[in-house]
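Here is the structure we will look at, set down as structure tokens.
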Amino acid sequence: MNTRNTLLCAPLLAALLPGGTAVAQQTHPNILLILADDYGWNDVGCMGSTYYETPNIDRIAAQGVRFTNGYAACQVSSPSRASILTGQYTPRHGITDWIGERAGEEWRKTGRHSKLLPALYEESLDLRQTTLAEALTEEGYTTFIAGKWHLGGEGSDPEDHGFQINIGGWEAGSPKGGYFSPYSNPKLKDGPRGENLSMRLANETVDFLAHQNEKPFFVYLSFYAVHGPIQTTQERWSYFRDKAERAGIAPTGFEVDRMLPVRKHQDSPVYAGLIQQMDDAIGRVLDYLQESGLDRNTLVIFTSDNGGVVSGDSYATSLAPLRGGKGRQWEGGIRVPFIISYPGLKQKGSTCDEPVIGTDLYPTILDYAGLPLRPKQHLDGVSLIPVLEQGTHYDRALFWHYPHYGNQGGEPSSIIRKGNWKLIFYHEDGRCELYNLEKDITESNPLNAQYPKKVTELKRELDAWLQSVNARMPEADMEYDPVAEKRFRDSLNRAQMEKLEAKRLEELSKGWKPNKDWWGSTVD
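Sequential numbering from -15 applies to the sequence shown in this note's numbering.
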């Protein structure tokens, strides 16, 4: 469906940029897609966090619609990023795990002693795909990316997939040099020592915007934040340490949930400071849009590539009442902030319960821009403009396929959500977990025994989908040793719990000093 809303596609009235440069009238609106990394569903103020402070993300929500059932297309980054740019579920484009992780027989080298060998996956975005950036380029847009790419290296860089200007996007999935210059990034020149990475990406974005006048633009502001290693400044750490103390510091911070310990509270002052740095950077861009008048003709979207990190990596946050986080098959791994704002939106500051997913962004952006949809490309996405403008409900199921083990505790699984029902199928042993998300958002009470017909119905639909997308499956490891696996897990959890509890209390103590490679920076 192409709504071609006349209000949305109206030409921008001439506005003045700083310095007196006029913004020429445009046929199509501008697009700003802001993607955070590893940022959880309720790691943001407007989604309920009372510890993290995000006035600028909240500002987007106040001018837009916040989807309470917004999802990433995968519980880890590379697959969901590919899904945003292709409009396809992960088995279709073939990137089903973060690029760089071992698969097949190589998995044994991790020493995990797992029952299955994870499925092989594509290690770069296929050049035959027509990405969102390429589609917009063909329609006269100037395309720009600042920040994380993680969809392949040389030959599969952003420039190979439709982005005319690339600042900071390369094969790495994390900020190799950390969040303060020098960055160790071949696509981003170092700034003054101690310069903050998130603000640098925002400043690069503003510089790009300041040089736009006649052609509409597509800006993909893809933060490395808040991916580990988590870092912040002394001032921010001190502020949030004191805030945690005023709220009352819990004596224990972690508990084991099946595979690994998980964080129970939002109380990391380092993570809170890192979020605030990203939020300040978002504010820099929003302020410029408003000052220049570009906000009157710009669609703004904010979301994340997967859930927040509650276990594994930096053990940075808690997403309660959601269960799990990044890498895991429960809601904490796939449900994310999902906010859309644009001029002329009727219900500013509202919420929408319609289940939506990252694959929907491709057709939504085309539709908003008044451009023809490309249903043969964005096979698994629908335009959300009818939802936003007419309250349309799509009677559809959403799907996920992750035939891998996550280093955050995720298990090889496939998922279907239909209405309020969610079924998780585990490839290790063929078991299912059925939940009603309306009644049990914590996913603590499987309903298999009460609703066996629903299990059968959803499993049949999930199987049909997996077959239709030619999903690659994990395979049994013929060298599997269950005793070695149990020994590995028990040892890991015991060691992790002790270290995690000690590290948490240390970070929350007065006078704490972290690694010298980032401490002391006050340049944001």
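Cβ atoms here follow ideal geometry from the backbone N, Cα and C, with glycine treated the same way. On a predicted model such as this, the values are computed, not experimentally measured, just so you know.
Give every residue of the same chain whose Cβ lies closer than 8 Å to the Cβ of residue i, excluding the five residues on either side of it in the sequence, and list them in chain order.
i, result
"alanine 119", "Gly146, Tyr346, Leu350, Leu355, Arg358, Gln361"
"valine 126", "According to the sequence as given, residue 126 is threonine; it is not valine. The residues are Gln148, Ile149, Gln196, Lys199, Pro200, Phe201, Phe202."
"arginine 96", "Tyr389, Glu469, Phe472"
"glycine 137", "Ser108, Trp154, Glu155"
"tyrosine 378", "Glu338, Val366, Val371"
Could you give the residue range of the beta strand (DSSP E) that holds residue i?
i, result
"serine 288", "282 to 288"
"phenylalanine 533", "Outside the modelled stretch of the chain, which goes from -15 to 508, sits residue 533, for which no answer is possible."
"valine 190", "It is not in any beta strand (DSSP E) - valine 190 instead sits in the alpha helix (DSSP H) that spans 181 to 194."
"leucine 418", "416 to 420"
"glutamate 239", "238 to 241"
"histidine 97", "No beta strand (DSSP E) contains histidine 97, which DSSP labels as neither H nor E."
"alanine 381", "381 to 386"
"leucine 16", "14 to 20"
"arginine 401", "397 to 402"
"isoleucine 324", "322 to 325"
"isoleucine 408", "405 to 410"
"tyrosine 204", "201 to 206"
"asparagine 150", "149 to 151"
Leaving out five residues on either side along the sequence, give the residues of the same chain with a beta carbon under 7 Å from the beta carbon of residue i.
i, result
"arginine 488", "Gly237"
"arginine 184", "Gly175"
"arginine 312", "Gln59, Gly390, Gln392, Gly393, Gly394"
"glycine 131", "Gly152, Gly153, Leu185, Leu205, Ser206, Phe207, Tyr208"
"arginine 65", "His134, Leu135, Asp289"
"phenylalanine 224", "Pro253, Ala256, Gly257"
"phenylalanine 322", "Phe51, Gly54, Thr287, Val340"
"glycine 317", "Gln59, Asn290, Gly291, Gly308, Gly309, Lys310, Gly311, Gly394"
"cysteine 416", "Leu407, Ile408, Phe409, Asn432, Val439, Lys443"
"arginine 86", "Lys93, Thr94"
Determine the burial state of residue i: buried for a count of at least 16 other Cβ atoms within 10 Å of its Cβ, exposed for fewer.
i, result
"aspartate 413", "exposed"
"asparagine 169", "buried"
"threonine 34", "exposed"
"leucine 407", "buried"
"alanine 6", "Per-residue confidence for alanine 6 stands at a pLDDT of 33, beneath the threshold of 50, marking its modelled position as unreliable; no derived number is given."
"alanine 8", "Caution applies to alanine 8, whose pLDDT of 44 falls short of 50 and renders its modelled position unreliable; the value that the coordinates give is listed next. It is exposed - the Cβ of alanine 8 has fewer than 16 other Cβ atoms within 10 Å."
"glycine 403", "exposed"
"serine 505", "A caution first: serine 505 carries a pLDDT of 48, below 50, which makes its placement in the model too unreliable to give a value."
"arginine 43", "buried"
"aspartate 474", "exposed"
"glycine 257", "buried"
"glycine 139", "exposed"
"proline 102", "buried"
"arginine 478", "exposed"
"lysine 494", "exposed"
"glycine 84", "exposed"
"glutamate 188", "buried"
"arginine 401", "buried"
Which residues mark the beginning and the end of the alpha helix (DSSP H) in which residue i is found?
i, result
"serine 276", "253 to 276"
"threonine 335", "Where threonine 335 is concerned, there is no enclosing alpha helix (DSSP H), although the beta strand (DSSP E) it sits in stretches over 334 to 336."
"tryptophan 449", "436 to 452"
"glutamate 373", "369 to 374"
"proline 466", "466 to 491"
"leucine 172", "It is not in any alpha helix (DSSP H) - leucine 172 carries neither H nor E in the DSSP assignment."
"lysine 227", "218 to 231"
"histidine 249", "Here histidine 249 belongs to no alpha helix (DSSP H), and DSSP marks it neither H nor E."
"histidine 595", "No answer is possible for residue 595: it lies beyond the span of the chain, which begins at -15 and ends at 508."
"arginine 65", "61 to 70"
"asparagine 429", "Run containing asparagine 429: none; DSSP gives neither H nor E here."
If I measure Cβ to Cβ from residue i and keep anything under 6 Å in the same chain, skipping five residues before and after, which residues do I get?
i, result
"lysine 99", "Glu412, Tyr464"
"lysine 332", "Gln47"
"glycine 365", "Gly71, Thr343, Asp344, Tyr346, Pro347"
"proline 166", "Asp174"
"threonine 376", "Pro370"
"threonine 535", "There is no way to answer for residue 535, as the model of the chain reaches only from -15 to 508."
"glutamate 143", "Asn150"
"isoleucine 15", "Phe202, Leu283, Ile349"
"tryptophan 314", "Arg307, Gly308, Glu427"
"aspartate 279", "Leu273"
"glutamate 81", "Contrary to the premise, residue 81 reads as aspartate rather than glutamate in this sequence. These residues qualify, in order along the chain: Tyr105, His388."
Rounded C-beta distance between residue i and residue j? I'm assuming under 8 Å.
i, j, result
"glycine 153", "serine 206", "7 Å"
"valine 284", "serine 325", "5 Å"
"proline 253", "histidine 211", "The pair is not a contact, with the Cβ atoms about 18 Å apart (cut-off 8 Å)."
"threonine 115", "leucine 172", "That belief does not hold up - the Cβ atoms of threonine 115 and leucine 172 are roughly 21 Å apart, past 8 Å."
"isoleucine 41", "aspartate 263", "6 Å"
- prompt: Any contact of the segment 378 to 393 with the segment 227 to 244, i.e. 3+ C-beta pairs under 8 Å?
  reply: As far as the Cβ criterion goes, the segment 378 to 393 touches the segment 227 to 244, which means the pair count is three or higher.
* Touching or not, the segment 404 to 423 and the segment 79 to 91, by the rule of three or more beta carbon pairs under 8 Å? -> Per the Cβ contact rule, the segment 404 to 423 is not in contact with the segment 79 to 91 (fewer than 3 Cβ pairs under 8 Å).
- Item | Touching by the beta-carbon criterion (3+ pairs, under 8 Å), the segment 456 to 470 and the segment 210 to 218 | Verdict: no, contact absent.
Are three or more beta carbon pairs between the segment 261 to 281 and the segment 298 to 311 nearer than 8 Å? No: fewer than three Cβ pairs fall under 8 Å.
> Does the count of Cβ pairs from the segment 332 to 340 and the segment 40 to 53 closer than 8 Å reach three?
Replying inline: With the rule of 3 Cβ pairs closer than 8 Å, the segment 332 to 340 counts as touching the segment 40 to 53.
- [ ] Please determine if the segment 373 to 383 and the segment 99 to 114 are in contact, where contact requires at least 3 C-beta pairs separated by less than 8 Å.
- [x] The segment 373 to 383 is not in contact with the segment 99 to 114.
* Can we say the segment 293 to 303 touches the segment 73 to 88, given the rule of at least three CB pairs closer than 8 Å? -> Cβ pair count under 8 Å is below three, so no.
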